[in-house]
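These notes are about the structure you will find just below.
Protein chains in written order, with my numbering: chain Z, 1 to 160; chain V, 1001 to 1500.
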């Protein structure tokens, strides 16, 4: 992922973030207006009053970000920026780690917690190349024991 | 409130402190509590309230002094160690330590982790001692102030907290405020406290709302893991691991900052529910405004670190006041303390000073003894703990993921909480690569429900005459403060950038 890219790439990122935020704020405003109006001053006391207020503030702040992105020509460079992301090695490393972590959270409840934890540690330590097989196995088993046995015992915590 | 009763507590304080430190049982339980607190604060996802609540069932089997010592020990221990992980791995152990990250982690990256931990030990110790002392000295005034603060003022303090955190946490205040407002919006998800309407409740899990613990784990913990491990060669802390270096010269040099941060901690601590989350930000902001080197803030400033940590620890003093003399808990941990006091048959409230002379002094003495013991223990153990957190990032960060998942699960025992942590981890990562700071979002999620409830309760109370709500004296002062923060937020940042 681009972090210290050129000004054009930065503006493309700002533009995309602005679009997402403006869209989110409009969603919040519309949803807040649909909430029931109750009490002596109907709208002000409605459950949607603060979300509506926050939605408007978010909309205003997001337009700053969006306009900055447009001023810098971010809308023109968006396609190029998005296309270039997959060429970065960091992006793939991030994606693999994300998938491993996501997989770990997803399998909880489907297989025993200790098994998921051992599998996660083994997978990530192998991917990150922390050392030889013995070192990987030692850390994966040691950490798993700590997380899935010692701590839950200590705090009397039921496991997923 | 009679002055004679207050003076009586002042007089009893030295003897109470002596009594506490010479009672082997009290000292042992206090020490055990600080150790549990240390573990709780270091592990992401385990909160002070969770640990205190878990032990509450055990506490009432102990005598009053020991039970209170155990709970107070946990609070003081966890408050300190939350800042420790913030320095060493950029993941605050408690929400209150979010401001500690700003300067603590850059110092660790500069190879000054041991000095940073030493500064935190000193600052948090002084914050605790001075905070409790202020509690006792200003008891009548602070009680009066606590009674003056209504729902409208509580709402304004939450607004001020978001503005300050947004302006300070990142490079661009607009992005900080966006993060803060989005955090407040996430807090709106779920059953609304006034009318019982399920806002944004598209699923059963969403009706229950978003718990702040998984959000904290995701935004700080998992996003940090993604940020660091995506690098082919993740950073390693430089400098030699070893025992924390106590820089008393730094503590003395920044003593005015410590005094100001203590006053902020005590003052904001009296506001129920939000004190510990907001006070470090306000103190950090004040320190930056008065500093000779504001450009160093956020890049490894000891002054900023000391301000945030002092205020965090001084808040427990402020939170103690409404708990003891009004019976209103000022924070999560003090709510547990209040429950424990009820179990022991102690009735906190305005008559406490008459019913149980010396009890307030005894509680303050317990906090002092806990602070003293905790810091000595932390310094002695720092060689081991710093060495542990110095290990390579490829080992420690996956462990943080597993601990985070366990912590998220433990916060509500639902898969939704675990998935929330993961979703906020991805969101936190995306925010960080676009320079949106996660700290204001966490603060927003933490105080959002209080902001909503207090605003709407105030509006309900003053629905016949809204103008009188805006004209409340304390509220007017806070409105002026909020406007000042908004106007000066960008200007101060601009000045700091110009200086560099």
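Positions of the beta carbon are idealized from the N, C-alpha and C atoms, including for glycine.
Under 8 Å by beta carbon: chain Z residues contacting residue i
{"i": "residue 1181 of chain V", "result": "54, 57, 58 and 61"}
{"i": "residue 1384 of chain V", "result": "Ordered by position in chain Z, no residue passes the 8 Å Cβ test against residue 1384 of chain V, which lies about 16 Å from the chain."}
Neighbour list for residue i in chain V, Cβ cutoff strictly below 7 Å
{"i": "residue 17 of chain Z", "result": "1434"}
{"i": "residue 38 of chain Z", "result": "1195"}
{"i": "residue 35 of chain Z", "result": "1197 and 1199"}
{"i": "residue 102 of chain Z", "result": "1422"}
Expected contact under 8 Å - CB spacing of residue i and residue j to nearest Å
{"i": "residue 1069 of chain V", "j": "residue 1029 of chain V", "result": "4 Å"}
{"i": "residue 1188 of chain V", "j": "residue 51 of chain Z", "result": "5 Å"}
{"i": "residue 1220 of chain V", "j": "residue 1092 of chain V", "result": "6 Å"}
{"i": "residue 119 of chain Z", "j": "residue 108 of chain Z", "result": "That pair is no contact at about 11 Å."}
{"i": "residue 70 of chain Z", "j": "residue 15 of chain Z", "result": "6 Å"}
{"i": "residue 111 of chain Z", "j": "residue 125 of chain Z", "result": "Residue 111 of chain Z to residue 125 of chain Z, Cβ: 19 Å. No contact."}
{"i": "residue 113 of chain Z", "j": "residue 160 of chain Z", "result": "5 Å"}
{"i": "residue 1164 of chain V", "j": "residue 1190 of chain V", "result": "26 Å between Cβ atoms; not a contact."}
Span of the alpha helix (DSSP H), counted from its first residue to its last, around residue i
{"i": "residue 1008 of chain V", "result": "1003 to 1021"}
{"i": "residue 75 of chain Z", "result": "74 to 85"}
{"i": "residue 1297 of chain V", "result": "Taken as a continuous stretch (DSSP letters only), residue 1297 of chain V belongs to no alpha helix (DSSP H), as it is neither H nor E."}
{"i": "residue 1367 of chain V", "result": "1359 to 1389"}
{"i": "residue 1121 of chain V", "result": "1113 to 1137"}
{"i": "residue 1050 of chain V", "result": "1048 to 1059"}
{"i": "residue 138 of chain Z", "result": "133 to 145"}
{"i": "residue 1079 of chain V", "result": "1064 to 1089"}
{"i": "residue 1415 of chain V", "result": "1415 to 1433"}
{"i": "residue 1436 of chain V", "result": "No alpha helix (DSSP H) contains residue 1436 of chain V, which DSSP labels as neither H nor E."}
{"i": "residue 71 of chain Z", "result": "49 to 71"}
{"i": "residue 1310 of chain V", "result": "1302 to 1321"}
{"i": "residue 1253 of chain V", "result": "1248 to 1253"}
{"i": "residue 101 of chain Z", "result": "89 to 107"}
Cα-Cα separation between residue i and residue j, rounded to whole angstroms
{"i": "residue 1207 of chain V", "j": "residue 36 of chain Z", "result": "16 Å"}
{"i": "residue 1379 of chain V", "j": "residue 1023 of chain V", "result": "23 Å"}
{"i": "residue 1500 of chain V", "j": "residue 1303 of chain V", "result": "Reliability fails at residue 1500 of chain V, whose pLDDT of 41 lies under 50, so the model's placement of it is uncertain and the value that follows must be treated cautiously. Near 17 Å, if we compare the C-alpha coordinates of residue 1303 of chain V and residue 1500 of chain V."}
{"i": "residue 1448 of chain V", "j": "residue 1457 of chain V", "result": "14 Å"}
{"i": "residue 957 of chain V", "j": "residue 1053 of chain V", "result": "Only positions 1001 to 1500 of chain V appear in the structure, and residue 957 of chain V is not among them; the question remains open."}
{"i": "residue 45 of chain Z", "j": "residue 1459 of chain V", "result": "7 Å"}
{"i": "residue 1103 of chain V", "j": "residue 1301 of chain V", "result": "6 Å"}
{"i": "residue 1204 of chain V", "j": "residue 58 of chain Z", "result": "26 Å"}
{"i": "residue 1178 of chain V", "j": "residue 1485 of chain V", "result": "16 Å"}
{"i": "residue 1424 of chain V", "j": "residue 1008 of chain V", "result": "51 Å"}
{"i": "residue 1079 of chain V", "j": "residue 1048 of chain V", "result": "8 Å"}
{"i": "residue 1361 of chain V", "j": "residue 1097 of chain V", "result": "28 Å"}
{"i": "residue 1056 of chain V", "j": "residue 1332 of chain V", "result": "13 Å"}
{"i": "residue 65 of chain Z", "j": "residue 1328 of chain V", "result": "42 Å"}
{"i": "residue 1110 of chain V", "j": "residue 1062 of chain V", "result": "46 Å"}
{"i": "residue 158 of chain Z", "j": "residue 99 of chain Z", "result": "26 Å"}
{"i": "residue 1481 of chain V", "j": "residue 1168 of chain V", "result": "16 Å"}
{"i": "residue 1358 of chain V", "j": "residue 1012 of chain V", "result": "6 Å"}
{"i": "residue 61 of chain Z", "j": "residue 1224 of chain V", "result": "26 Å"}
{"i": "residue 1466 of chain V", "j": "residue 1319 of chain V", "result": "30 Å"}
{"i": "residue 1253 of chain V", "j": "residue 132 of chain Z", "result": "49 Å"}
{"i": "residue 1 of chain Z", "j": "residue 93 of chain Z", "result": "Because residue 1 of chain Z carries a pLDDT of 45, less than 50, the predicted location of this residue cannot be relied on, and the following value inherits that uncertainty. Between residue 1 of chain Z and residue 93 of chain Z, the C-alpha separation is close to 10 Å."}
{"i": "residue 20 of chain Z", "j": "residue 1183 of chain V", "result": "16 Å"}
Chain V contact residues for residue i, given Cβ-Cβ distances below 9 Å
{"i": "residue 149 of chain Z", "result": "Simply none; closest approach about 11 Å."}
{"i": "residue 126 of chain Z", "result": "Chain V residues near residue 126 of chain Z: none, gap ~11 Å exceeds 9 Å."}
{"i": "residue 93 of chain Z", "result": "1229, 1230, 1231 and 1232"}
{"i": "residue 157 of chain Z", "result": "1054, 1406, 1409, 1410 and 1413"}
Listed by chain order, chain Z residues near residue i by CB distance under 7 Å
{"i": "residue 1152 of chain V", "result": "None at all; the shortest Cβ gap to chain Z is about 13 Å."}
Contact set between residue i and chain V, taken where Cβ atoms lie within less than 8 Å
{"i": "residue 139 of chain Z", "result": "1395"}
Distance cut-off 7 Å: residue i Cβ against heavy atoms of the ligand ZN
{"i": "residue 1212 of chain V", "result": "For the ligand ZN, the structure offers nothing, since it holds no ligand at all."}
Interface residues of chain Z facing residue i [CB-CB closer than 9 Å]
{"i": "residue 1311 of chain V", "result": "In chain order: nothing, as chain Z lies at least about 26 Å away."}
Cβ contact check for the region 1114 to 1125 of chain V and the region 1399 to 1412 of chain V: 3 or more pairs under 8 Å: no
Three or more C-beta pairs below 8 Å linking the region 1287 to 1307 of chain V and the region 1247 to 1262 of chain V: Between the region 1287 to 1307 of chain V and the region 1247 to 1262 of chain V there are three or more inter-stretch CB-CB distances shorter than 8 Å, so the stretches are counted as touching.
Does the count of Cβ pairs from the region 1313 to 1325 of chain V and the region 1124 to 1132 of chain V closer than 8 Å reach three? Enough Cβ pairs lie closer than 8 Å, so yes.
Residues of the region 1405 to 1421 of chain V whose Cβ lies closer than 8 Å to any Cβ of chain A, in chain order: This model lacks chain A altogether; the protein chains it does include are Z and V.
With contact counted as at least three CB pairs below 8 Å, one residue from each stretch, are the region 59 to 78 of chain Z and the region 1363 to 1374 of chain V in contact? These segments do not touch.
Could you say if the region 1209 to 1216 of chain V and the region 1430 to 1445 of chain V meet the contact criterion of at least three C-beta pairs nearer than 8 Å? The region 1430 to 1445 of chain V and the region 1209 to 1216 of chain V touch, with three or more beta-carbon pairs separated by less than 8 Å.
Cβ contact (3+ pairs, closer than 8 Å) linking the region 137 to 150 of chain Z and the region 1428 to 1439 of chain V: no
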